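Peer 1:
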Amino acid sequence: MNVILLGPPGAGKGTQARILESERKMIQLSTGDMLRAAVASGSEVGQRAKAVMEAGQLVSDEIVIGVISERLNAPDVTNGVIFDGFPRTTAQAEALDTLLADKGMTLDAVVEMQVDDAELVDRVSGRYTCAKCGEGYHDRHKIPATEGVCDACGSTEFKRRADDNAETVKSRLDAYHAQTAPLIAYYSARGKLKSIDGMAEIGEVTRQLNAALN
Ligand code: ADP
Ligand code: ADP
Ligand code: ZN
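Residue numbers (numbering that gives the first Met the number 0): 0 to 213.
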């Protein structure tokens with residue numbers, strides 16, 4: 000099964016994608032993670048994406064489509080993929096349709112996670128992740144069982160994203176409403192869209208997500 004998690008920054012896409020990975024052995028494909036890795040490595044793609052990401056704007060369709068196209072060549076995608084943060088524009092959605100068709104893959108569902116803007120600012124501002132395994136946490140909503148120790152891997156090192164500040168979040172939300180929200184109609188017209196309440200607590204969102212996929 001191949002699914003898209005569609006939603007604004009902080010909606011909980013990454014959190015739910017990791018849960019689906021462990022529950023269903025699917026593969027999370029996060030273009031944000033791929034682009035951050037490219038920036039960290041200093042590759043040509045990374046150099047072109049860095050300033051755009053820091054400003055909270057969208058990286059060009061050409062770069063992002065190139066990155067995802069290459070990733071879809073890896074053999075593990077046959078386990079089923081969760082697209083997290085991709086597509087984000089109509090051009091990306093059209094390119095994905097073509098890529099999937101070329102590879103003989105289907106798109107089974109697009110799950111829209113609905114969360115209010117005020118809540119998103121709080122989610123993003125309080126977000127941090129384990130530096131070793133990438134498990135996601137939040138200053139108030141998701142705290143490790145033992146303070147300062149990752150539940151998933153035991154690491155004591157955590158990191159925060161440079162773009163997770165209240166000011167940049169504003170640009171990212173504007174980009175979502177202007178460039179990504181039209182995908183709700185795009186997938187609805189194709190009979191793929193399911194919407195769930197992303198405001199609920201993490202476990203309840205997982206329950207609604209599983210209900211949408213089954
Ligand atoms: P996205 O990948 O959509 O940008 P994340 O999954 O990284 O969002 O979640 C953003 C922040 O909100 C993280 O700190 C995460 O721990 C927290 N979070 C995720 N889902 C929920 C939820 N349902 N309720 C409260 N906090 C949540
Ligand atoms: P979030 O879910 O919190 O918005 P992501 O990790 O998905 O964060 O994305 C971080 C940044 O990476 C975005 O603000 C944007 O600059 C860039 N990015 C990620 N995915 C895409 C995409 N599909 N198209 C364009 N830019 C992207
Ligand atoms: Zn960890």
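The beta carbon of each residue, even a glycine, is placed where N, CA and C say it ideally should be.
Small disclaimer: the values here were computed from a predicted structure and weren't measured.
Verify the contact flag: residue 76, CB atom, against every heavy atom of ligand 1, threshold strictly below 7 Å.
Peer 2: no
Peer 1: What I want to know is whether the C-beta of residue 69 ends up closer than 7 Å to one or more non-hydrogen atoms of ligand 3.
Peer 2: Answer for residue 69: no, Cβ out of range of ligand 3.
Peer 1: Excluding five sequence neighbours on each side, which residues of the same chain lie with their C-beta closer than 7 Å to the C-beta of residue 216?
Peer 2: Since the displayed the chain opens at 0 and closes at 213, residue 216 lies outside it and no answer follows.
Peer 1: Since I believe residue 45 is in contact with residue 54 (beta carbons under 8 Å), could you give me their beta-carbon distance rounded to a whole number of angstroms?
Peer 2: About 15 Å separates the two Cβ atoms, so there is no contact after all.
Peer 1: Quick check on residue 191: does DSSP put it in helix, strand or coil?
Peer 2: coil
Peer 1: Could you check if residue 11 belongs to the surroundings of ligand 1, using beta carbon to heavy atom distance under 7 Å?
Peer 2: yes
Peer 1: With C-beta atoms as the reference, is residue 109 less than 8 Å away from residue 26?
Peer 2: no
Peer 1: Straight-line CA distance for residue 134 to residue 121?
Peer 2: 18 Å
Peer 1: Just to confirm, does residue 35 get its C-beta within under 7 Å of one of the non-hydrogen atoms of ligand 1?
Peer 2: no
Peer 1: In chain order, what residues of the same chain have a beta carbon less than 6 Å from the beta carbon of residue 171, not counting five sequence neighbours either side?
Peer 2: 8 and 55
Peer 1: Between residue 68 and residue 146, what straight-line distance do the alpha-carbon atoms span, to the nearest angstrom?
Peer 2: 40 Å
Peer 1: Under 8 Å, with one C-beta from each stretch per pair, do the segment 179-189 and the segment 152-161 reach the 3-pair mark?
Peer 2: The segment 179-189 is not in contact with the segment 152-161.
Peer 1: If you draw a straight line from the alpha carbon of residue 52 to that of residue 83, how long is it in whole angstroms?
Peer 2: 16 Å
Peer 1: Nearest by alpha-carbon distance to residue 61: which of 74, 92 and 148 is it?
Peer 2: 92
Peer 1: Please enumerate, following chain order, all residues with a beta carbon closer than 6 Å to at least one heavy atom belonging to ligand 3.
Peer 2: 129, 131, 132, 134, 149, 151, 152 and 154
Peer 1: Below 7 Å, is the gap between the Cβ of residue 87 and the nearest heavy atom of ligand 4?
Peer 2: By its list of ligands, the structure shown excludes ligand 4, since it contains just ligand 1, ligand 2 and ligand 3.
Peer 1: Reducing DSSP to helix, strand and coil, say where residue 2 ends up.
Peer 2: strand
Peer 1: Please identify the residue among 28, 202 and 13 whose C-alpha is closest to the C-alpha of residue 77.
Peer 2: Residue 77 has its Cα closest to that of 28, out of 28, 202 and 13.
Peer 1: Tell me where the alpha helix (DSSP H) around residue 163 begins and ends.
Peer 2: Segment: none, residue 163 is in no alpha helix (DSSP H) and carries neither H nor E.
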